[in-house]
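Just so you know, the protein sequences line up as chains X and L, in that order.
Numbering-wise (this note's numbering), the first sequence opens with residue 1 and increments by one.
Numbering-wise (this note's numbering), the second sequence opens with residue 1 and increments by one.
Cβ coordinates follow ideal geometry from the N, Cα and C atoms, glycine included.
Note sheet for the following structure.
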Amino acid sequence: MSYEMWAEKYRPKSLNQIINQKEIVERLNSFVKARNVPHCIFAGPPGTGKTTAALCLARDLYGTAYREHLMELNASDERGIKMVRENVKTFARTRSIGEISFKILILDEADNMTSDAQQALRRTMERFTETCRFIMIANYSGKIIEPLQSRCAPFRFSYMSQKDQNSYLQRIIKKENIKILDEGLDAIFEVSGGDLRKATNTIQAAASMGKEIDAKTVYSVIGRANPADINEMIKTAMKGDFLGARKKLREMILKYGVAGSDIVKQIHTEIFRSMLPDSWKVTLSEAIGEIDFRLVQGADEEVQLSALLARLTEAGHDLKRGA
Amino acid sequence: MHTAWTQKHKPQTLSEIIGNKDAKQKFLTWLKSWNRGIPKKRAAFLYGPPGVGKTVTVEALAKELKMELVEKNASDYRTTEAIKRFAGLASQYATLSGGKRLILLDEVDGISGKADRGGVRALTEILKTTRSPVALTANDAYNPRFSTIRKYCLLIEFKKPTIREIVSHLKKISAREGIAADQEALKFIAERAGRDVRSAVNDLQVLAQGKKRLVYDDVVWYAGRDRKEVIFNVLRTILYSRDSWEAKKAVSAADVDPDMLFNWIYENAPYHLTDPHDLVKAMDSLALADIYRKRIRATQNWSLLRYVIDFMTSGVAVARQRTKSSGWIPFRFPEKIRFLSSTRGERALQSAIGMKVRRRCHMSAVRSVKEVLPYLKIIFENNSEMAAGLSKWLDLDENMIEYLAGNKKQTKMIVAKIG
Chain X
1 MSYEMWAEKY RPKSLNQIIN QKEIVERLNS FVKARNVPHC IFAGPPGTGK
51 TTAALCLARD LYGTAYREHL MELNASDERG IKMVRENVKT FARTRSIGEI
101 SFKILILDEA DNMTSDAQQA LRRTMERFTE TCRFIMIANY SGKIIEPLQS
151 RCAPFRFSYM SQKDQNSYLQ RIIKKENIKI LDEGLDAIFE VSGGDLRKAT
201 NTIQAAASMG KEIDAKTVYS VIGRANPADI NEMIKTAMKG DFLGARKKLR
251 EMILKYGVAG SDIVKQIHTE IFRSMLPDSW KVTLSEAIGE IDFRLVQGAD
301 EEVQLSALLA RLTEAGHDLK RGA
Chain L
1 MHTAWTQKHK PQTLSEIIGN KDAKQKFLTW LKSWNRGIPK KRAAFLYGPP
51 GVGKTVTVEA LAKELKMELV EKNASDYRTT EAIKRFAGLA SQYATLSGGK
101 RLILLDEVDG ISGKADRGGV RALTEILKTT RSPVALTAND AYNPRFSTIR
151 KYCLLIEFKK PTIREIVSHL KKISAREGIA ADQEALKFIA ERAGRDVRSA
201 VNDLQVLAQG KKRLVYDDVV WYAGRDRKEV IFNVLRTILY SRDSWEAKKA
251 VSAADVDPDM LFNWIYENAP YHLTDPHDLV KAMDSLALAD IYRKRIRATQ
301 NWSLLRYVID FMTSGVAVAR QRTKSSGWIP FRFPEKIRFL SSTRGERALQ
351 SAIGMKVRRR CHMSAVRSVK EVLPYLKIIF ENNSEMAAGL SKWLDLDENM
401 IEYLAGNKKQ TKMIVAKIG
């Protein structure tokens with residue numbers, strides 16, 4: 001009996017195994033052929049193959065001993081300037097032995113780097129271009145400072161289509177002997193939205209329950225895995241129960257680690273879908289934008305978002321009274 | 001019967017007293033100078049906030065230098081008569097047995113009021129002519145009524161020791177009492193006591209006596225000496241006075257930590273300002289206060305603190321416009337603080353698992369906790385075989401397995417399958 005997280009077990013090992021992002025794969029393959037890689041930025045939403053593409057590129061380039069020529073750093077865990085000074089520089093300045101003279105440094109979740117660290121990286125990147133090529137991975141390339149962006153070839157990754165996701169999952173289904181209904185697969189796509197890691201984790205958790213996977217199983221997995229329901233919180237506030245909404249907010253942030261920026265984003269989306277009069281939507285949008293900006297500046301997520309919840313409570317109250 | 005730990009663990013030597021290195025040295029040098037004859041200043045005035053070691057310094061040094069200590073305190077100098085009564089002591093060079101004498105006039109702040117005008121004069125006379133060293137202690141040496149006394153004294157300022165110093169002191173006491181105390185818990189006590197060592201030791205006794213182990217959760221509830229009442233008064237003014245000036249004043253009078261107070265206001269305001277429009281104003285104001293807190297952290301420019309105070313006090317006070325008062329509503333302990341402390345252990349375990357996932361899954365520990373952990377939990381609860389495999393692959397320990405599995409029975413099954 002051997003089990004891994006399937007998201008790792010079935011992670012493609014070579015660029016040719018990547019089933020989506022055709023244009024990107026084509027260009028990366030041309031780098032391999034030319035034995036030369038520029039500094040790159042891989043940007044795009046989670047679970048779309050950014051890290052996988054970077055690892056595959058290295059493996060195709062260096063062969064089985066690729067680990068010796070590769071360093072993976074994660075900016076979320078070590079985001080400061082010290083990281084650049086210590087880890088990055090030491091790795092970047094030494095020459096690689098072998099046919100290819102440069103090494104590859106993957107800087108994952110690079111949009112979480114402090115701007116000081118990014119500034120420091122700028123010089124490092126230039127000085128050691130001969131010996132090291134950087135692949136910066138980020139959800140939003142906008143959070144990478146301009147000077148770094150201009151030194152890198154940009155690649156934009158996008159969510160999988162349902163067809164691509166299903167053909168990837170089919171391989172797992174076959175190898176792991178899973179019984180799944182079509183409605184189960186549809187449900188997985190509905191909840192993952194083309195985020196392949198989420199889809200794979202969902203199917204593994206559903207399979208662990210040991211019965212045929214139908215839509216209901218999928219929803220129950222997702223319900224268990226994402227108990228923090230932003231919509232529910234918005235509804236609670238609009239109903240006039242500010243305290244209830246704040247409690248949900250607190251749980252989301254402190255217990256489930258939901259990012260404040262994600263909460264703002266979803267509130268924004270929901271407001272425009274809501275029944276509120278158009279002029280209110282614009283007023284609320286102004287407040288939402290302001291809070292979003294403050295969060296980027298590092299203000300306290302719970303305090304700022306509760307101010308937003310108070311606005312929603314007020315809006316719900318006025319709406320009810322027909323004001 | 002328990003003795004007070006402040007007595008039981010009172011420092012016996014100068015080196016056992018924490019902090020105030022310069023002040024202790026200055027006092028020691030002055031006291032030793034008496035060996036070469038009567039110095040210019042015959043008295044030393046030790047001043048500083050309560051509980052920082054003024055009296056204890058005098059006591060310990062007397063012991064170390066083998067001097068006889070004559071202690072007088074507030075009750076001894078209530079009247080001129082009382083002061084004259086011990087003036088005789090000071091006129092002698094030495095004790096009957098030939099030893100040296102040190103006179104301690106503790107807490108001279110106690111001399112006050114019209115009745116004591118003569119008292120100050122009598123005291124001044126003693127300081128001018130004494131043949132034994134005199135040490136005075138007070139909280140505030142610069143009170144006008146000490147203006148003449150000051151002239152005859154060597155002024156020695158005592159400051160609050162650092163949190164770190166207090167924590168190490170508390171640690172020593174805990175060890176002597178056979179208590180394993182967490183750093184975090186002791187730090188909380190030291191901070192809560194406002195770096196007053198005496199009250200920190202008292203608090204430690206209240207919280208730890210009879211325990212083998214003291215953790216953060218044991219102490220976080222403890223609001224500290226009278227603090228709760230102080231905070232409640234401030235809250236009442238801010239939430240009910242509707243007066244921006246009153247609200248501001250209440251804070252400066254209360255001397256509470258602004259960050260702590262912020263949490264209290266943030267927690268309680270929505271319970272008391274129930275009208276949605278008032279609520280928006282109050283929460284907006286608190287959000288602004290938070291922005292300035294952030295700016296202080298970023299720039300270390302503490303003069304910005306006044307705006308934090310403005311927004312969290314006056315801003316909230318003037319928010320009350322439409323809310324009808326609806327009887328007595330109790331104040332609540334900040335949920336955020338309670339939540340963080342009660343989930344502390346859980347969060348530590350989560351991030352330990354996150355680190356394990358990170359090693360395997362090419363993602364940060366932070367994201368592992370958010371994106372992988374919930375699925376692991378489902379798997380561990382439902383499928384002991386898959387869980388056993390994953391435990392091996394991720395190299396999880398039994399603690400982690402139990403956290404993911406949710407109960408002992410399932411944990412046992414998983415562990416058995418790991419073999």
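At a CB-CB cut-off below 8 Å, which residues of chain X make contact with leucine 279/L?
Phe242, Ala310, Thr313 and Glu314
Beta-carbon separation of alanine 62/L and leucine 14/L under 8 Å?
no
Whole-number beta carbon distance between histidine 39/X and methionine 125/X, since they are thought to touch under 8 Å
6 Å
Between Leu273/L, Val280/L and Ile353/L, which lies nearest to tryptophan 328/L when the distance is taken from Cα to Cα?
Leu273/L
Continuous alpha helix (DSSP H) stretch holding lysine 63/L: start and end:
54 to 64
If you drop the 5 nearest sequence neighbours on each side, which residues of the same chain put their C-beta closer than 7 Å to that of tryptophan 34/L?
Pro133
Have a look at valine 201/L and lysine 72/L and give me their C-alpha separation to the nearest angstrom.
24 Å
Quick check on the burial criterion: 16 or more other C-beta atoms within 10 angstroms. Buried or exposed for serine 285/X?
exposed
Quick one: what's proline 154/X bridged to in DSSP?
Ile41/X
What alpha helix (DSSP H) runs, 4 residues minimum, are completely inside the stretch 160 to 240 of chain X?
162 to 175, 182 to 192, 196 to 207, 215 to 225 and 230 to 238
Hey, glutamate 232/X and lysine 211/X are a contact pair by Cβ (cut 8 Å); roughly how many whole angstroms apart?
At roughly 28 Å, the Cβ-Cβ gap does not stay under 8 Å, so glutamate 232/X and lysine 211/X are not in contact.
If we ignore side chains and look at the alpha-carbon of each, how far apart do aspartate 164/X and glycine 98/X end up?
37 Å
Use the C-beta contact count for glutamate 86/X: other C-beta atoms within 10 angstroms, 16 or more gives buried, fewer gives exposed.
exposed
Would you please verify whether the beta carbon of glycine 193/X is less than 8 Å from any beta carbon of chain L?
no
Do you know how far the Cα of asparagine 268/L is from the Cα of phenylalanine 333/L?
8 Å
For tryptophan 393/L and valine 218/X, the rounded distance between their alpha carbons:
25 Å
Could you spell out where the alpha helix (DSSP H) holding aspartate 108/X opens and where it closes?
Not the alpha helix (DSSP H): aspartate 108/X falls in the beta strand (DSSP E), residues 103 to 108.
The stretch 36 to 53 of chain X / the stretch 151 to 160 of chain X touching (three or more Cβ pairs under 8 Å):
yes
Report buried or exposed for aspartate 196/L, applying the criterion of at least 16 other Cβ atoms within 10 angstroms of its Cβ.
buried
Between the stretch 175 to 183 of chain L and the stretch 145 to 165 of chain L, can you find at least three pairs of beta-carbon atoms closer than 8 Å?
no
Measure the beta-carbon distance from glutamate 302/X to arginine 250/X and round it to whole angstroms, keeping in mind my assumption that it falls under 8 Å.
6 Å
Do you know offhand how far lysine 8/L's Cα is from glycine 289/X's?
59 Å
Taking all protein chains shown into account, do 16 or more other C-beta atoms lie within 10 angstroms of the C-beta of glutamate 190/X, making it buried, or fewer, making it exposed?
exposed
Let me know if serine 158/X comes out buried or exposed under the rule of 16 or more other beta-carbons within 10 Å of its beta-carbon.
exposed
According to DSSP, is leucine 319/X part of a helix, a strand, or is it coil?
helix
Partner residues on chain L for glycine 210/X, Cβ-Cβ distance less than 8 Å:
Asn382 and Asn383
C-beta atoms of alanine 205/X and isoleucine 379/L nearer than 8 Å
yes
Listed by chain order, chain L residues near glycine 257/X by CB distance under 8 Å
Val366, Val369 and Lys370
Which one of Arg67/X, Tyr10/X and Ala207/X has the shortest CA to CA distance from alanine 387/L?
Ala207/X
Does the stretch 128 to 148 of chain X come within contact of the stretch 164 to 182 of chain X, defined as at least 3 CB pairs closer than 8 Å?
no
Which ranges does the beta strand (DSSP E) cover as unbroken runs of at least 3 residues, wholly within the stretch 83 to 163 of chain L, from first to last along the chain?
101 to 105, 134 to 138 and 153 to 157
With 16 as the cutoff for other CB atoms within 10 Å, does glutamate 312/L come out buried or exposed?
Residue 312/L is actually methionine in this sequence, not glutamate. Answer is buried; the Cβ neighbour count reaches 16.
On the DSSP bridge list, what partners appear for isoleucine 137/X?
Phe42/X
Under three-state DSSP, which class holds alanine 44/L?
strand
The stretch 326 to 348 of chain L: positions lying closer than 9 Å to chain X by Cβ:
Glu335, Lys336, Phe339, Leu340, Thr343, Glu346 and Arg347
Are any of the Cβ atoms in chain L nearer than 8 Å to that of aspartate 77/X?
yes
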